[in-house]
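Residue 222 in the numbering used here is what sits at position 221 of the sequence shown, and the numbering runs on without skipping anything.
Glycine is no exception: its CB is placed at the ideal position from the N, C-alpha and C atoms.
The structure presented is a predicted model; accordingly, all values stated were derived computationally and were not measured.
Below is one structure; the comments refer to it alone.
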Amino acid sequence: KGAFTDAQSTKKGLLEKADNGTLFLDEIGEMSPSLQAKLLRVLEHKTFRRLGGTKDITVDLRIIAATNKDLHQAITDKEFREDLYYRLNVLRIEVPPLRNRGNDILILAHYFLAQFSKRYNKKPKQLSPAASQELLNYNWPGNIRELKNLVERICILHQSELIDSFNLSVKSNNPAEKTAEPPANQMLGKIPLDEILFNMEAELIKHALKIAEDNASQAARILKIPRETLRYKIAKYGLSGG
């Protein structure tokens, strides 16, 4: 049995699973002091103990760590161990922010478009020249995560195979590219509200049916709508559900 309540069996943790392989630790700058000490022991002695265990377990693995935190400042602030930093900092690779990576932005955008179009059973989408320029001009404070979320939102909400600049929820950071916003009555024709609502409702129903394992009654309870209403919408969107 395991070392904590309701643990019925012993299972290998990440360190054991990564033995003779590679373990990737993301956002290592957020690691607690106690975990930092345990990781340092693994790096120095190649051993660790399971939770509640008394026997040392030996592992041989490569550790790759990533962070967007200033670890030098974290060391000064006593938030990160200096000895652990130098143990990890054998080969350092600095990845520049997305805004400084030029055409990488478009390469990643096209990759995510293909990925999410397939996931949501949509026709493959392409970026117009104006949309591509909009992505290049944007500052991307959220880096790749922000780009990925934007592309996923586009794939969910828009049926069109060509994505134009007005489909993007980003604003240019290049003053030369900024122009006055058109009057609201000119913008209305460009907002496919019925299309957005159609896709959002269909995705919500698909998600509820997935959770309910295609049980329409259970899905209706999740969505808090009458079962007959759900059956009508399932037929409307061409979905499956019992």
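Task: CB of residue 230 within 9 Å of CB of residue 221, strictly - done: With contacts defined by Cβ atoms closer than 9 Å, residue 230 and residue 221 form a contacting pair.
- [ ] Note down, in chain order, each residue of its chain lying with its Cβ closer than 8 Å to the Cβ of residue 187, except the 5 sequence neighbours on either side.
- [x] Its pLDDT being 41, under 50, residue 187 is placed unreliably in this model, and the coordinates cannot settle the point.
Task: CA-to-CA distance, residue 105 to residue 137, given in whole angstroms - done: So the two alpha carbons sit approximately 9 Å from each other.
Task: Extent of the continuous beta strand (DSSP E) run through residue 106 - done: Bounds of any beta strand (DSSP E) do not take in residue 106; it lies within the alpha helix (DSSP H) bounded by 105-120.
TODO: Mark residue 146 as exposed unless 16 or more other C-beta atoms lie within 10 angstroms of its C-beta, in which case mark it buried.
DONE: Classification for residue 146: exposed.
- [ ] Along the beta strand (DSSP E) that carries residue 169, what are the first and last residues, could you check?
- [x] Neither: residue 169 is in no beta strand (DSSP E) and is coded neither H nor E.
- [ ] Answer yes if the region 64-72 comes into contact with the region 15-29, meaning at least three C-beta pairs across the two stretches below 8 Å, and no otherwise.
- [x] Output reads yes: the region 64-72 touches the region 15-29.
Open item on the list: Check whether the region 116-132 and the region 153-161 are in contact - that is, three or more C-beta pairs closer than 8 Å.
Closed with: The region 116-132 and the region 153-161 touch, with no fewer than 3 CB-CB distances between them shorter than 8 Å.
Task: Nearest candidate by alpha-carbon position, reference residue 163, set 82, 114 and 38 - done: Looking at the Cα atoms, 114 is the closest of the given residues.
Open item on the list: Which residue marks the beginning of the alpha helix (DSSP H) containing residue 77, and which one marks its end?
Closed with: Element bounds for residue 77: 72-77.
- [ ] Give the DSSP-derived three-state secondary structure of residue 160 in the structure shown.
- [x] Note: residue 160 maps to coil in three-state DSSP.
TODO: Keeping to the same chain, check which residues put their C-beta closer than 7 Å to that of residue 15; ignore five residues upstream and five downstream.
DONE: The answer, listed in chain order, is 24.
Open item on the list: Looking at the secondary structure, which residues open and close the beta strand (DSSP E) in which residue 66 lies?
Closed with: For residue 66, the enclosing beta strand (DSSP E) stretches over residues 63-66.
TODO: Following the continuous beta strand (DSSP E) through residue 24, name the residue where it begins and the one where it ends.
DONE: Counting along the chain, the beta strand (DSSP E) containing residue 24 begins and ends at 23-26.
TODO: Return the residue from the list 108, 56, 34 and 87 that minimises the CA-CA distance to residue 44.
DONE: Its Cα nearest to that of residue 44, the residue 87 stands out among 108, 56, 34 and 87.
TODO: Use the C-beta contact count for residue 29: other C-beta atoms within 10 angstroms, 16 or more gives buried, fewer gives exposed.
DONE: Buried is the call here.
Open item on the list: Please classify residue 228 as buried or exposed, where buried requires at least 16 neighbouring CB atoms within 10 angstroms.
Closed with: Result: exposed.
- [ ] Going by CA-CA distance only, name the one from 32, 100, 127 and 103 that's closest to residue 70.
- [x] Here the closest residue by C-alpha is 32.
Task: Sequence-distant residues of its chain with Cβ nearer than 8 Å to residue 131 (five each side left out) - done: Contacts found: 165 and 166.
Open item on the list: If contact is defined by three or more beta carbon pairs under 8 Å, each pair taking one atom from either stretch, is the region 36-50 in contact with the region 73-86?
Closed with: With a cut-off of 8 Å, the region 36-50 and the region 73-86 count as touching, because enough Cβ pairs lie within range.
Open item on the list: On the DSSP bridge list, what partners appear for residue 58?
Closed with: In the DSSP secondary-structure assignment, residue 58 is bridged to 49.
Task: residue 148, DSSP secondary structure in three states - done: Looking at residue 148 - three-state DSSP - the assignment turns out to be helix.
Task: Start-to-end residues for the alpha helix (DSSP H) that takes in residue 94 - done: Where residue 94 is concerned, there is no enclosing alpha helix (DSSP H), given that its DSSP letter is neither H nor E.
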